[in-house]
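Working notes, structure below.
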């Protein structure tokens, strides 16, 4: 078993080393601004269908969300233009190094969180938590038996705490 | 005096003190362990307050808030890793003392100073807040909208390093707060025919996603810090102060308490600014400035007094006008709303006894923090060695159970995951999530006052310049914006010259 885990660790380490070399410099203000411009445009286009009006008053349920979406749009455009002008003037803009390994790790954690949610549809909170906890410990490469015992007992304690102390009916 | 007595009788109940101590215990642990934050602790345990009364909830949350402030100093002193950002100044002198084998002395000083700062600010809160509340009661809907706008402007400006990004994030939070049934017209907004979105997105659900689960995702990039503490050395230490040492810290503690309170009252400034500013002042006043940075007790006492003096002071704008000074306090504002207390000028007139119970309670929060620290400091010092890898799955379990507990619905867990992804992406592109939080907390109040004002004036915007208080707040917003822009231009110039 130990040999198998060691070989898995080695494989992960080798893959990790390869991925760690893949970096990408991203102009964060430009990409962030574009993301929010898209959000604002989608939001603005959805307003007529998502907020139905039954009054002819000037101040309606649409007023505030429209104002907020316009603020998001205007300031995102300003943020975008600021960096575009800086590029034209050949000035430095804010860049951030995005590492492929880090993003893959985040995706793995997100996948485990989604798996936890899926498990909750089919089994109890305590059972799902135990499975999720063990997976997370694998992710953090914990080999201590005590860690696994702590995680399993924590799942049981949290489950009972919510169900019997806080009277929450967990899945 | 009548309200004071009523507040006292509300406070002096066994459950209040039990929850207060539980909050303190959790706050120190979350503050002390690097990688865990006070905001995370408040968010995780917010669902527990659903079944509690207003005073019990607030004692619990204040316990976490105040003890977290002290807890951050433990890891700063012992392993040179501040558990909270404002403990960074404490680290400058705390860790050198650990290297000299005097870590217990440093920890004891941090505890004494934190307690003094906390009690000082609690007393200031007790005397000042009712006076500010009287002034706040003169405000109408346009004034109150501008107060919300002022709070949002400050938070947008000081969270992160870019005002434009702060404004975008704040407006985005305000927009999200409009999802669900519109309280004024009764119509639905952005629910996409999903029954689960009818009542909007509960604050706790969004908070768990924004501040707890996003931290779990961020574990993908954080390096593991060495959190090993020399436990044997800790047990053997003598931590008695000499007469000279006691005398030397008196003045910096008093000055720092005043600095902490003044900075704390200004929304958006925060404990980090207070502790560094006090540290600087203490060094300037000291007879031994050369000892600063090499293990000065004066340095530790100044930072810790100041960052805990902020705790009570931030509650002044929160309880009197509904302006939260930082992220943790914004969540506490949410806790008030969960208990049916609408933050704002009428809070003192409508719920005076509860407000007094909270303010008197803050004094006891600090006293019990001292007692817990006295008894448990050695144990707390060992807690920081708990690996974050072990805590992460437990945090997720709490998050999922907490999100589910709001409406007994798995849909809410999906929403928390969406918010976690949003927060993760935002942080990648340099957007702070604190303005989003404030937008979510103040959203309903801001919109309500904005629309009511415009309805009152038949859609004319000049209602927002119709009274002296409005003009004062508009002036404050303008000044704030100018100061923030100026400081960001300065920072950019400094970066450019480097």
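Residue numbers (our numbering), protein chains in the order written: chain H, 65 to 235; chain L, 538 to 1035.
Note that beta-carbon positions come from the ideal geometry of N, C-alpha and C, so glycine has one too.
A quick note: this is a predicted structure, and the numbers were derived from the prediction, not measured.
Where residue i sits in the DSSP three-state scheme
i, result
"residue 158 of chain H", "coil"
"residue 923 of chain L", "coil"
"residue 718 of chain L", "strand"
"residue 487 of chain L", "For residue 487 of chain L there is no data in the structure shown, the boundaries of chain L being 538 and 1035."
"residue 660 of chain L", "helix"
"residue 1029 of chain L", "helix"
"residue 1037 of chain L", "Residue 1037 of chain L lies beyond the stretch modelled for chain L, which goes from 538 to 1035, so this question has no answer here."
"residue 958 of chain L", "helix"
"residue 232 of chain H", "coil"
"residue 91 of chain H", "strand"
"residue 163 of chain H", "strand"
"residue 196 of chain H", "helix"
"residue 784 of chain L", "helix"
"residue 915 of chain L", "helix"
"residue 665 of chain L", "helix"
"residue 674 of chain L", "coil"
"residue 626 of chain L", "helix"
"residue 639 of chain L", "coil"
"residue 109 of chain H", "helix"
"residue 125 of chain H", "coil"
"residue 888 of chain L", "coil"
"residue 205 of chain H", "coil"
Contacting residues, own chain, Cβ-Cβ under 8 Å from residue i (five flanking each side not counted)
i, result
"residue 726 of chain L", "715, 716, 717, 718, 719"
"residue 130 of chain H", "108, 111"
"residue 656 of chain L", "900, 903, 904"
"residue 666 of chain L", "852, 853, 856, 857, 885, 892, 896"
"residue 981 of chain L", "714, 720"
Chain H contact for residue i (CB, 9 Å cutoff)
i, result
"residue 1058 of chain L", "Residue 1058 of chain L lies beyond the residue range present for chain L, which begins at 538 and ends at 1035; the question has no answer from this structure."
"residue 827 of chain L", "no"
"residue 699 of chain L", "yes"
"residue 574 of chain L", "no"
"residue 961 of chain L", "yes"
"residue 835 of chain L", "no"
"residue 863 of chain L", "no"
"residue 596 of chain L", "no"
Beta-carbon contacts of residue i that lie in its chain and below 7 Å, excluding the five residues immediately before and after
i, result
"residue 53 of chain H", "With chain H covering only 65 through 235, there is no way to say anything about residue 53 of chain H."
"residue 754 of chain L", "957, 961"
"residue 920 of chain L", "566, 569, 570"
Within-9 Å CB hit, residue i to chain L
i, result
"residue 125 of chain H", "yes"
"residue 158 of chain H", "yes"
"residue 211 of chain H", "yes"
"residue 72 of chain H", "no"
"residue 88 of chain H", "no"
"residue 235 of chain H", "yes"
"residue 99 of chain H", "yes"
"residue 81 of chain H", "no"
"residue 120 of chain H", "no"
"residue 175 of chain H", "no"
"residue 193 of chain H", "yes"
"residue 112 of chain H", "no"
"residue 69 of chain H", "no"
"residue 128 of chain H", "yes"
"residue 231 of chain H", "yes"
Contact belief for residue i with residue j at Cβ below 8 Å, rounded distance in angstroms
i, j, result
"residue 855 of chain L", "residue 870 of chain L", "6 Å"
"residue 891 of chain L", "residue 693 of chain L", "About 30 Å separates the two Cβ atoms, so there is no contact after all."
"residue 673 of chain L", "residue 857 of chain L", "5 Å"
"residue 626 of chain L", "residue 813 of chain L", "5 Å"
"residue 599 of chain L", "residue 898 of chain L", "7 Å"
"residue 906 of chain L", "residue 578 of chain L", "The Cβ separation is near 14 Å, so there is no contact."
"residue 628 of chain L", "residue 613 of chain L", "4 Å"
"residue 483 of chain L", "residue 574 of chain L", "Because chain L here runs from 538 to 1035, residue 483 of chain L falls outside it and cannot be looked at."
"residue 689 of chain L", "residue 976 of chain L", "7 Å"
"residue 659 of chain L", "residue 849 of chain L", "4 Å"
"residue 700 of chain L", "residue 1021 of chain L", "5 Å"
Heavy atom of the ligand SAM within 8 Å of residue i beta-carbon
i, result
"residue 674 of chain L", "Because no ligand of any kind appears in the structure shown, any question about the ligand SAM cannot be addressed here."
Contact set for residue i: own chain, Cβ-Cβ below 6 Å, skip 5 residues either direction
i, result
"residue 983 of chain L", "685"
"residue 595 of chain L", "895"
The region 202-212 of chain H in contact with the region 925-943 of chain L per 3-pair CB rule at 8 Å: yes
Segment contact, 8 Å Cβ cut-off, at least three pairs: the region 160-169 of chain H with the region 944-954 of chain L: no
With a threshold of 8 Å, are at least 3 pairs of Cβ atoms found where one atom belongs to the region 675-684 of chain L and the other to the region 1006-1020 of chain L? yes
Taking 8 Å as the cut-off, does the region 85-96 of chain H touch the region 118-138 of chain H (at least 3 CB pairs, one atom from each stretch)? no
Should the region 722-737 of chain L be regarded as contacting the region 928-943 of chain L, the criterion being three or more beta carbon pairs within less than 8 Å? no
Counting Cβ pairs closer than 8 Å, one from the region 189-199 of chain H and one from the region 777-793 of chain L, do we hit at least three? no
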